[in-house]
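S.K.: Residue numbers (my numbering): 1 to 397.
Below, the structure is given as structure tokens:
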């Protein structure tokens with residue numbers, strides 16, 4: 001147990017700092033120390049901290065209606081669903097509160113889709129190193145033995161194949177006649193910022209069409225403008241049948257969504273699925289304002305421009321440094337892979353006034369707010385580049 005939080009269940013390896021408030025891409029702790037936020041609450045704080053337009057809108061909504069049951073019609077749900085469908089080309093949305101719930105709903109859609117076709121034990125193809133959540137079902141779909149350990153028996157019905165290997169997926173199709181869907185992250189986040197190859201994604205789309213499968217894309221971390229397009233799959237020029245969203249959709253207010261196209265839009269009916277908190281007015285207002293502000297302020301273009309600048313600068317500064325294996329990602333979703341575990345960089349960066357994360361043991365992950373400026377990027381570079389260089393010179397692979 002944490003000495004300062006003895007009554008909170010010990011489920012996180014927390015850093016010894018408590019944040020007090022933020023403004024834009026800066027946050028301050030309870031002792032008054034300032035940090036540059038290059039983590040954005042793990043891709044959540046799309047508009048940064050205390051965005052004046054978002055604050056005003058949420059204050060107004062709190063004074064009107066925070067929550068109401070899904071027994072009643074919700075104009076705000078329809079408004080947010082319309083915005084998402086316009087941007088994705090899909091048809092309908094189901095609202096929940098988290099990415100885990102969005103992925104659970106997608107799994108239910110896939111299973112019912114299979115049952116409706118007469119398949120008694122439907123299966124779903126998933127990828128190595130994937131991360132889809134920590135419920136028993138989404139944990140079973142996840143490709144990380146470390147996070148699964150201790151929670152068996154896992155849910156059956158998942159067929160696992162390597163990332164970016166269409167041959168392996170076609171082989172799985174030949175040996176698993178009950179497959180009904182493919183679920184993958186367009187860019188693996190927790191797995192180490194590992195993008196699917198756009199050609200591969202187009203081939204997966206084609207395979208799903210050939211086999212009558214659903215293509216379900218988990219864009220919980222890489223969606224909502226993070227890569228410079230509304231959804232990362234748009235770089236490949238394809239549409240999924242189902243797409244799961246959360247994280248950045250509400251700029252800090254918990255909002256999850258499942259979007260569905262023609263093959264999946266009518267799979268679930270009344271009584272098949274539901275939620276108490278999902279789609280409540282406060283969450284919907286947060287989602288609406290987030291998307292509208294992103295459009296008005298050109299944040300997709302900003303993510304692409306600043307992310308491209310930051311990636312190029314990191315590649316130039318670190319590309320030839322012994323111990324740096326790769327600098328990769330798209331937009332403001334970047335990863336720096338080292339040849340050794342680098343969890344210590346998390347603490348070192350915090351001590352230097354920079355918030356970031358380390359994932360997959362050896363990947364420094366950057367997920368700043370989409371308002372991140374070139375000046376913010378320069379400050380990040382001035383801290384992070386020497387920090388990584390010093391870390392590599394002091395440690396062994």
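Note that the Cβ used here is the ideal one computed from N, Cα and C, for glycine as well.
Exposed or buried, which one is residue 296 when buried takes at least 16 other CB atoms within 10 Å?
M.R.: Label assigned to residue 296: exposed.
S.K.: Work out the CA separation of residue 180 and residue 212 for me, nearest whole Å.
M.R.: So the two alpha carbons sit approximately 7 Å from each other.
S.K.: What are the complete alpha helix (DSSP H) segments, minimum 4 residues, inside the segment 8-54?
M.R.: Entirely contained in the segment 8-54, the alpha helix (DSSP H) runs reaching 4 residues are, in chain order, 40-43.
S.K.: Flag this pair as yes or no: are the beta carbons of residue 242 and residue 106 separated by less than 7 Å?
M.R.: Yes. Within cutoff.
S.K.: Which residue from 126, 152 and 155 puts its Cα closest to that of residue 143?
M.R.: Of 126, 152 and 155, the residue nearest in Cα terms is 126.
S.K.: If you run the structure through DSSP and keep just helix, strand and coil, what is residue 385?
M.R.: If DSSP states are grouped into helix, strand and coil, residue 385 belongs with the helices.
S.K.: Output needed for residue 261: all residues of its chain with C-beta closer than 8 Å, excluding positions within five of it in sequence on either side, in chain order.
M.R.: Closer than 8 Å at Cβ, skipping near neighbours: 89, 90, 91, 239, 240, 241 and 242.
S.K.: Going by other Cβ atoms of all chains shown within 10 Å of its Cβ, with 16 needed for buried, is residue 167 buried or exposed?
M.R.: Label assigned to residue 167: exposed.
S.K.: Am I right that residue 176 and residue 219 are in contact with their C-beta atoms under 8 Å? What's the rounded C-beta distance?
M.R.: No, residue 176 and residue 219 are not in contact; Cβ-Cβ is about 25 Å, not under 8 Å.
S.K.: Determine the burial state of residue 68: buried for a count of at least 16 other Cβ atoms within 10 Å of its Cβ, exposed for fewer.
M.R.: Looking at its Cβ environment, which holds fewer than 16 other Cβ atoms inside 10 Å, residue 68 is exposed.
S.K.: Within 10 angstroms of the Cβ of residue 77, are there 16 or more other Cβ atoms? Answer buried if so, exposed if not.
M.R.: Result: buried.
S.K.: With distances taken between CB atoms, is the gap from residue 244 to residue 43 smaller than 7 Å?
M.R.: Their beta carbons are not under 7 Å apart, which means residue 244 does not touch residue 43 by this criterion.
S.K.: Can you tell me where the beta strand (DSSP E) holding residue 275 begins and where it ends?
M.R.: Counting along the chain, residue 275 falls outside any beta strand (DSSP E), and DSSP gives it neither H nor E.
S.K.: Tell me, please, which residues DSSP counts as bridged to residue 195.
M.R.: Its beta-bridge partners are 187.
S.K.: Less than 7 Å between CB atoms is the rule here; does residue 25 satisfy it with respect to chain C?
M.R.: Looking at the structure shown, chain C is missing, and only one protein chain is on hand.
S.K.: Please report the residue range of the alpha helix (DSSP H) in which residue 236 lies.
M.R.: Unbroken run through residue 236: none, as it is neither H nor E.
S.K.: Is it buried or exposed, residue 15, if we count other Cβ atoms within 10 angstroms and call 16 or more buried?
M.R.: When all chains shown are included, residue 15 counts as exposed.
S.K.: If you follow the alpha helix (DSSP H) that residue 315 is part of, which residue opens it and which one closes it?
M.R.: Residues 299-318.
S.K.: When you compare the CB positions of residue 139 and residue 284, do they come within less than 7 Å of one another, or not?
M.R.: No, Cβ-Cβ distance for residue 139 and residue 284 is not below 7 Å.
S.K.: Less than 7 Å between the beta carbons of residue 332 and residue 324, yes or no?
M.R.: No, these two residues do not count as a Cβ contact at 7 Å.
S.K.: Can you say whether residue 294 is buried or exposed, counting buried as having 16 or more other CB atoms within 10 angstroms of its CB?
M.R.: That one is buried.
S.K.: Does residue 158 come out as helix, strand or coil in the three-state DSSP assignment?
M.R.: Strand at residue 158.
S.K.: Can you give the Cα-Cα distance for residue 30 and residue 359, rounded to whole angstroms?
M.R.: Cα to Cα, the separation comes out at about 26 Å.
S.K.: According to the Cβ coordinates, are residue 291 and residue 61 closer than 7 Å?
M.R.: Against a cut-off of 7 Å, the Cβ pair of residue 61 and residue 291 comes out as no contact.
S.K.: Taking the C-alpha atoms as reference points, what is the distance between residue 316 and residue 190?
M.R.: Distance between the alpha carbons of residue 316 and residue 190 is about 25 Å.
S.K.: If you follow the alpha helix (DSSP H) that residue 85 is part of, which residue opens it and which one closes it?
M.R.: Unbroken alpha helix (DSSP H) run through residue 85: 75-88.
S.K.: For the alpha helix (DSSP H) that contains residue 223, what are its first and last residues?
M.R.: Unbroken run through residue 223: none, as it is neither H nor E.
S.K.: Please go through the same chain and pick out, in chain order, the residues whose beta-carbon is closer than 7 Å to the beta-carbon of residue 387, but skip the five residues on each side of it.
M.R.: Excluding sequence neighbours, residue 387 sits near 345, 348, 349 and 352.
S.K.: Per DSSP, residue 125 is paired with what?
M.R.: According to DSSP, residue 125 bridges with 159 and 182.
S.K.: Can the beta-carbon of residue 104 be found closer than 7 Å to that of residue 137?
M.R.: Going by C-beta atoms, residue 104 is nearer than 7 Å to residue 137.
S.K.: So, with DSSP's three-state summary, where would you put residue 114?
M.R.: Looking at residue 114 - three-state DSSP - the assignment turns out to be helix.
S.K.: Under 8 Å, with one C-beta from each stretch per pair, do the segment 254-274 and the segment 109-118 reach the 3-pair mark?
M.R.: A contact exists between the segment 254-274 and the segment 109-118.
S.K.: Three-state secondary structure (DSSP) at residue 68?
M.R.: Reduced to three states, the DSSP call for residue 68 is coil.
S.K.: Classify residue 210 as buried or exposed, calling it buried when 16 or more other Cβ atoms lie within 10 Å of its own Cβ.
M.R.: Exposed, because fewer than 16 other Cβ atoms sit within 10 Å of the Cβ of residue 210.
S.K.: From residue 237 to residue 8, what does the alpha carbon distance come to, in whole angstroms?
M.R.: Distance between the alpha carbons of residue 237 and residue 8: 45 Å.
S.K.: Under the DSSP definition of a beta bridge, which residues are partnered with residue 203?
M.R.: Beta-bridge pairing links residue 203 to no other residue.
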